[in-house]
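The opening residue of the sequence shown carries number 1 in full-length UniProt numbering; numbering runs sequentially from there. A virtual CB, placed ideally from N, CA and C, is assigned to each residue, including glycine.
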Amino acid sequence: MATSNSLDHYATLEVAVPASLTEIRKSYRRLALVHHPDKNQNRADATKQFQCIVSAWEILSDEAKRKKYDSTRHTTRSATTADVRNNTGGNSSSKSSAAGKNGSANSSKPQEQPTTEGAEASKRKRDDYLRWERIQDDKILKIRRTVEKLKSEIQAHAKQDKKDRDKISQQNSWWASLTGQPKLTDEEKMHMENESIQRMASTRIKTKRLGQAQKELQELERLKN
Numbered sequence: 001m002a003t004s005n006s007l008d009h010y011a012t013l014e015v016a017v018p019a020s021l022t023e024i025r026k027s028y029r030r031l032a033l034v035h036h037p038d039k040n041q042n043r044a045d046a047t048k049q050f051q052c053i054v055s056a057w058e059i060l061s062d063e064a065k066r067k068k069y070d071s072t073r074h075t076t077r078s079a080t081t082a083d084v085r086n087n088t089g090g091n092s093s094s095k096s097s098a099a100g101k102n103g104s105a106n107s108s109k110p111q112e113q114p115t116t117e118g119a120e121a122s123k124r125k126r127d128d129y130l131r132w133e134r135i136q137d138d139k140i141l142k143i144r145r146t147v148e149k150l151k152s153e154i155q156a157h158a159k160q161d162k163k164d165r166d167k168i169s170q171q172n173s174w175w176a177s178l179t180g181q182p183k184l185t186d187e188e189k190m191h192m193e194n195e196s197i198q199r200m201a202s203t204r205i206k207t208k209r210l211g212q213a214q215k216e217l218q219e220l221e222r223l224k225n
């Protein structure tokens, strides 16, 4: 397996050089989800590819490690370029005569068609990401509806509690005795009290569910952004 410094971590995370930490983080999250071994159990190289993605993230997300890697990467690329130039210079004289003989023949050969393997791989990655994005959007929409529904139900309970309190308060006011307003019976008071207790329990449960839904929504939106 290639060493960490011999890999092009920027290419692994599909980001430009240089790239901001935000761009690196966003690309890492996308690729980690797309290439996670659990989602690619039929691919023999899934674990290796995922490890390369994680390794690239660990280096490029750390300022000190990234600086050291960039320095090594620059040195390696410069040395490779120099070797290529030297080899080209050394072989130019021996190839000049052959090039003259074969020039016309080579010019008549059709250029080799570029491989479509890279394009197909990129398309698969893009399709996987778009599919994941649609699933995330559906989840976010569903949870948002749940959050709004729970908020509405909690508000309805609070509104009914206030209405009952106001009704009891009016019964006990001096104005009620002057207007001859009929008083609540003991049965009505007990019924109101029982409903208040039920609403209180329901509100407690819904408030807990609301907190969980909001937390899940924040996490999904964080992953997507």
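| query | Any contact of the stretch 24-43 with the stretch 51-59, i.e. 3+ C-beta pairs under 8 Å? | reply | yes
| said: Measuring alpha carbon to alpha carbon, tell me which residue in GLU117, ARG165, GLN170, SER152 is nearest GLU193. | reply: Numbered from 1 along the sequence shown, position 193 holds the residue referred to as residue 193. Minimum Cα distance to GLU193 is reached at ARG165.
| said: Under 8 Å: do the stretch 140-150 and the stretch 37-57 share three or more Cβ pairs, one atom per stretch? | reply: no
| message | I need the boundaries of the alpha helix (DSSP H) containing PRO9, first residue and last residue. | response | Position 9 of the sequence shown, counted from the start, is the residue given in the question as residue 9. The question names Pro, yet the displayed sequence has His at residue 9. Residues 9-12.
| Would you say VAL17 and TYR28 are within 8 Å of each other, going by their C-beta atoms? | Within the sequence shown, residue 17 is the residue found at index 17, counting from 1. Within the sequence shown, residue 28 is the residue found at index 28, counting from 1. Not a contact, by the Cβ cut-off of 8 Å.
| task | Take LYS63 as the anchor and find which of SER202, GLN198, SER20 has the nearest alpha-carbon. | result | Here residue 63 refers to the residue found at position 63 when the sequence shown is read from its first residue. A small correction: the amino acid at residue 63 is Glu; Lys does not occupy that position in the sequence shown. The option with the nearest alpha carbon to GLU63 is SER20.
| message | Excluding the 5 residues flanking GLN160 on each side, which residues of the same chain have their C-beta closer than 7 Å to its C-beta? | response | In the sequence shown, the residue the question calls residue 160 occupies position 160. Same-chain partners within the cutoff: ARG199.
| request: Count the other CB atoms, across all protein chains shown, that sit within 10 Å of the CB of LYS210; report buried if there are 16 or more and exposed otherwise. | output: Here residue 210 corresponds to residue number 210 of the sequence shown, with the count starting at 1. Note that residue 210 is Leu in the sequence shown here, rather than Lys. Answer is buried; the Cβ neighbour count reaches 16.
| task | Mind reading off the beta-carbon distance from ARG34 to TYR129? Whole number of angstroms is fine, and I expect it under 8 Å. | result | In the sequence shown, residue 34 corresponds to position 34, counting from 1. In the sequence shown, residue 129 corresponds to position 129, counting from 1. A quick correction: the sequence has Val, not Arg, at residue 34. Rounded, the Cβ-Cβ distance is 6 Å, consistent with contact.
| said: Between GLN136 and LYS224, how many whole angstroms is the CB-CB distance? I'm expecting something under 8 Å. | reply: As a working mapping, residue 136 is identified with position 136 in the sequence shown. As a working mapping, residue 224 is identified with position 224 in the sequence shown. The pair is a contact, with the Cβ atoms about 5 Å apart (cut-off 8 Å).
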